[in-house]
Amino acid sequence: MQKSIQTFTQRVGMISSLLCVFLLLAPGLGIAVTPVDSPPASLQRAKIYLAVGDYRRAVEACQRYLDRAPSVEGYVYLTYVYHAIDGYLSFLAKHDEWGKVGQLALGLFSEGTRDIVDPPDMLSRMAKELIHEGLRQQFDLTAAMANRLDRSAVDRLWQELADWKEAHPQQWWASVPPQWGW
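Numbering of the sequence shown is given in this note's numbering, commencing with residue 771 and proceeding in unit increments.
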């Protein structure tokens, strides 16, 4: 019994040593080692997509995050992206920037290289109404799902969002509250 405990302890020590060596050598070998507390790659991408106005990809990145780790935060993050698109859309309409509304519509409706030879043709004002209505439906749906999981967490996250919007009224949709850790 004593011998088996000693053997077990030696093996654990050897495995720990090998793991330490691997973690030290991994970056030099081109192997990415992500710390546990860093934000998931899909959220990091979503933050970049929001910053550049690529809202379709921001939605898709948040959907991937939610698929991998269903949580109240995941639903709130996806709801936020819908909310951000609507905020940007309202800002553009308020400032009569209909060309940019058309660009937003193209970005949301893009189907890749097919659009080069068969572009979606839509009037910007009509696109605004279609996008707004679709966003409202998705927003309501994902917000309800988040509330079913944990209403107090949703309230906390939306308060952080309200503070963020108040601090950045002209561009809040281009990023996320820093507390969210994307």
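Note that beta-carbon positions come from the ideal geometry of N, C-alpha and C, so glycine has one too.
Computed from a prediction, not measured in an experiment: that's the story for all the values here.
Extent of the continuous alpha helix (DSSP H) to which residue i belongs
| i | result |
| --- | --- |
| Asp925 | Arg921 to Ala937 |
| Leu874 | Trp868 to Phe879 |
Secondary structure of residue i, DSSP reduced to three states
| i | result |
| --- | --- |
| Val803 | The predicted model places Val803 with a pLDDT of 43, which falls under 50 and marks its position as unreliable, so this point remains unresolved. |
| Val829 | helix |
| His865 | coil |
| Leu820 | helix |
| Gly844 | helix |
| Gln941 | coil |
| Trp952 | coil |
| Gly904 | helix |
Selected residue, minimal CA-CA separation from residue i, among the options
| i | options | result |
| --- | --- | --- |
| Val846 | Lys898, Ala913, Trp952 and Gly951 | Ala913 |
| Ser861 | Leu848, Trp942 and Val946 | A small correction: the amino acid at residue 861 is Phe; Ser does not occupy that position in the sequence shown. The shortest C-alpha separation from Phe861 is found at Trp942. |
| Asp824 | Gly951, Trp952, Met915 and Ser945 | Ser945 |
| Leu927 | Gln949, Gly877 and Arg918 | Gln949 |
| Leu874 | Ala923, Arg826, Leu931 and Pro810 | Arg826 |
| Ala839 | Leu813, Trp934, Ser880 and Leu878 | Leu813 |
| Tyr852 | Tyr835, Leu911, Lys864 and Ser880 | Leu911 |
| Met915 | Thr849, Gln929 and Leu820 | Thr849 |
| Phe879 | Gly951, Glu830 and Asp933 | Glu830 |
| Arg918 | Gln833, Gly877, Gly857 and Glu843 | Glu843 |
| Pro810 | Ile818, Tyr835, Arg906 and Ala828 | Tyr835 |
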